[in-house]
Amino acid sequence: MAQPLEPTARSDGHNAAKSKPYWVEPVITMVILGVWVLYSLWEVLFHNTGTYHNYVSPYFSPGVGDWFGWHVLDALYVAWVPLLFRFSCYYYRKEYYRGFFWDPPACYAVDKPRPRYSGETKWPLAFNNLHRYAWYLALIVLIFLWKDAVEAFFFKNGFGVGVGSLILLVNAILLTFYTFSCHAFRHMVGGKKDCYSCDGKPTTSYKLWNRVSQWNTLHGTWAWASLASVWAADLYIRLLIMGVIHDVRLF
Amino acid sequence: MSDEFKLMVWRGDASGGAEVEYHVPAETGMVVLDALHYIEHNLAPDLAVRWNCKAAHCGSCSAEVNGEPKLLCKTRMDQYVGQTVTVRPMKTFPIIKDLVTDVSWNYKVAKEVPLLAPTAPAPFNMQQIDVDRIQEFHRCIECFLCQDTCHVLRDHAGQNKYFGPRYMIKIAEFEMHPMDGVDRVPLLAHEGGVGMCNVTKCCTEVCPQHIRITDNAIIPLKERVADRYYDPIKILLRRLGGKKDDVSEPKTHAVT
Ligand code: SF4
Ligand code: SF4
Ligand code: FES
Ligand code: FES
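Note that the protein sequences, when read in sequence, are chains A and B.
Everything in the first sequence is counted per the working numbering, starting at 1 for the first residue and increasing by one.
Everything in the second sequence is counted per the working numbering, starting at 1 for the first residue and increasing by one.
This is the structure we're talking about:
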């Protein structure tokens with residue numbers, strides 16, 4: 001077997017009974033991504049802090065505003081990075097082209113001719129070809145999120161574990177998988193080569209590429225899981241700040 | 001009536017046609033092609049359907065069963081118990097007669113893809129890790145179901161702008177070959193039109209050979225095009241190095 005197979009590879013044939021109408025999937029995508037964008041706008045435009053004691057919301061980290069002493073719309077200086085990263089991600093591209101552009105709404109179920117289609121050849125969509133730069137920036141943010149995750153275990157009275165610490169840790173882990181299963185990263189570490197053994201160091205780039213390829217088969221899963229964890233982490237901290245809930249310390 | 005299937009088969013030619021109803025007795029393990037053969041032998045001897053191997057290997061029998069692009073010989077009837085089975089020709093290609101379409105456009109595209117040009121005389125001495133990737137692409141049986149499905153060709157009439165997923169596989173197969181010396185990146189970016197693909201993966205969903213067309217061929221090729229034509233830093237470095245974008249740079253490999 002040449003490359004890892006997708007675990008969801010269609011098993012051909014069995015159960016052809018169409019379980020749901022073609023528009024269900026794109027509409028679900030539209031609703032989830034739509035609500036997420038609205039929530040993010042609310043979070044970014046109407047809040048100035050994402051810090052609750054030793055917890056920092058992923059929307060507000062790193063605190064770029066703090067570095068420069070700017071204290072208006074703190075999240076705005078950093079939230080655009082993950083937004084750009086996800087917007088240009090090959091997986092999300094598939095999802096929003098299907099969900100929002102209806103290009104195509106369903107693979108063959110509906111034919112919707114649109115003569116002016118230009119794919120990703122024209123700006124602004126051609127911008128997606130620079131996904132790797134969004135990846136570089138997202139990597140920097142990820143390092144800070146790991147720092148936050150570690151700090152979330154150190155309370156005023158020393159080491160401890162709260163629900164918030166666990167949420168931030170899980171978030172950092174899921175984002176790590178998402179970031180390192182990226183198609184652009186897969187290209188960087190070895191995909192761009194035509195020959196792995198020709199430079200005399202057969203193992204490094206091949207092994208890396210092979211590992212990333214394995215993670216990459218689940219890229220869509222990491223994409224959704226990390227979206228959910230970022231959301232959960234932010235919401236949890238927002239509710240703590242608002243005093244709606246209280247952090248539960250496990251020990 | 002579980003011992004019988006109702007089929008609606010599209011009959012006609014380039015000037016038009018309609019679905020015609022047939023009833024076919026059910027048999028254990030039968031595939032759609034069996035049902036069509038029953039119709040040919042017993043009900044409508046002039047029914048046109050292209051097939052050859054009946055083993056999902058030759059790629060001749062592509063059509064659309066209940067709207068899904070499929071190989072007729074690999075699609076079992078027992079999944080449609082209680083349903084009407086509609087069989088129509090592939091939508092993207094011009095109709096010749098009934099279920100037979102004219103797929104010759106694909107062969108024209110094939111001629112535009114430069115073949116493997118080895119940097120050293122065969123036989124090659126290659127490592128398995130270097131050919132892992134391209135072996136997946138060798139599984140293609142040229143059924144053109146991916147071409148039929150791709151919305152660039154199917155809905156946007158992009159035949160003059162995009163070679164289609166099958167030929168992205170073909171280009172990837174040569175382009176990633178350790179012994180190949182041709183540079184097809186300019187072809188991909190221009191005539192090949194890889195930018196027309198919006199990575200929506202419908203081709204991957206229909207491929208009967210389970211080739212991960214989008215993830216393993218198209219996206220890696222898009223990244224190569226990005227290296228050459230979009231990445232400002234790489235473009236700058238290449239210009240500083242005195243190389244032009246569209247001039248093919250012969251790849252040099254140590255031949256082992
Ligand atoms: S992924 Fe690209 S090539 Fe495949 S069907 Fe979609 S647009 Fe066409
Ligand atoms: S890539 Fe798959 S769907 Fe496309 S022609 Fe080859 S076997 Fe058929
Ligand atoms: S492809 Fe999804 S993050 Fe790069
Ligand atoms: S008859 Fe050969 S693939 Fe179906």
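We put the beta carbon where it would ideally sit given N, CA and C, even for glycine.
- For Met30 of chain A, the uninterrupted alpha helix (DSSP H) segment begins and ends at Val24 to Phe46.
- For the C-beta of Asn160 of chain B, not a single chain A residue is nearer than 9 Å; the gap to the nearest is close to 12 Å.
- Scanning the stretch 80–143 of chain A from its first residue to its last, the whole alpha helix (DSSP H) runs of 4-plus residues come out as 90–99.
- The beta carbons of Ser61 of chain A and Ile237 of chain A sit no closer together than 8 Å.
- For Lys201 of chain B, the neighbours in chain A by C-beta distance under 8 Å run, in chain order, Lys94.
- Under the three-pair Cβ rule at 8 Å, the stretch 41–60 of chain A counts as touching the stretch 227–246 of chain A.
- As the crow flies, the alpha-carbon of Cys140 of chain B is around 13 Å from that of Asn216 of chain B.
- For Gly65 of chain A, the enclosing alpha helix (DSSP H) starts and ends at Val64 to Phe68.
- In this structure Glu120 of chain A is in contact with Asn198 of chain B, their Cβ atoms being roughly 6 Å apart against a cut-off of 8 Å.
- Secondary structure note for Leu7 of chain B: its beta strand (DSSP E) is the uninterrupted segment Glu4 to Asp13.
- Sorting A:Phe154, A:Asn128, A:Leu33 and A:Val81 by C-alpha distance to the C-alpha of Tyr96 of chain A places A:Leu33 at the top.
- Inclusion of Arg224 of chain B and Val185 of chain B in the CB contact set at 8 Å is warranted, their separation being smaller than that value.
- Thr149 of chain B: not part of any beta strand (DSSP E); member of the alpha helix (DSSP H) spanning Leu145 to Thr149, first to last residue.
- Judged by DSSP in its simplified three-state form, Ala110 of chain B adopts helix.
- Using beta-carbon distances, Asn125 of chain B does not count as an interface residue toward chain A, since no partner is under 8 Å.
- Here the C-alpha atom of Gly99 of chain A lies approximately 15 Å from the C-alpha atom of Cys89 of chain A.
- If you ignore the 5 residues before and after Ala55 of chain B, its C-beta comes within less than 8 Å of the C-beta of Cys73, all in its own chain and listed in chain order.
- For Ile218 of chain B, the closest C-alpha among the options B:Cys146, B:Glu21 and B:Trp51 is that of B:Cys146.
- Residue side-chain check: Pro26 of chain A keeps its Cβ at 7 Å or more from all non-hydrogen atoms of ligand 2.
- Here the stretch 158–175 of chain A lies against the stretch 227–234 of chain A, with 3 or more beta-carbon pairs under 8 Å apart.
- A distance of 8 Å or more separates the beta carbons of Thr75 of chain B and Val109 of chain B.
- Shortest gap from the CB of Ala184 of chain A to any heavy atom of ligand 3: under 7 Å.
- For Lys234 of chain B, the uninterrupted alpha helix (DSSP H) run begins and ends at Pro232 to Leu240, by DSSP.
- Those residues whose C-beta sits under 7 Å from the nearest heavy atom of ligand 4 are, from N- to C-terminal order along the chain, B:Leu33, B:Trp51, B:Asn52, B:Cys53, B:Lys54, B:Ala55, B:Ala56, B:His57, B:Cys58, B:Gly59, B:Ser60, B:Cys61, B:Leu71, B:Leu72, B:Cys73, B:Lys74, B:Ile141 and B:Cys143.
- Look at Ser226 of chain A here: in three-state DSSP terms it is helix.
- Relative to ligand 2, the beta carbon of Arg166 of chain B is positioned inside 7 Å of a heavy atom.
- DSSP, reduced to helix, strand and coil, places Tyr55 of chain A within a strand of the structure shown.
- Residues of chain A with a Cβ closer than 8 Å to the Cβ of Ala157 of chain B are, in chain order, Pro113 and Pro115.
- Against chain A, a Cβ distance below 7 Å from Pro178 of chain B picks out Asp194, Cys195 and Cys198.
- Pairing Asp130 of chain B with Tyr196 of chain A gives a Cβ-Cβ distance under 8 Å.
- Annotated as proximal: Phe153 of chain A and Val161 of chain A, with beta-carbon spacing under 8 Å.
- Annotation: the continuous alpha helix (DSSP H) that includes Leu166 of chain A extends over Val163 to Phe180.
- Interface with chain B (8 Å Cβ-Cβ cutoff): Arg98 of chain A is included.
- Identification of chain A residues near Val152 of chain B by a Cβ-Cβ cut-off of 8 Å yields Tyr117 and Gly119, ordered along the chain.
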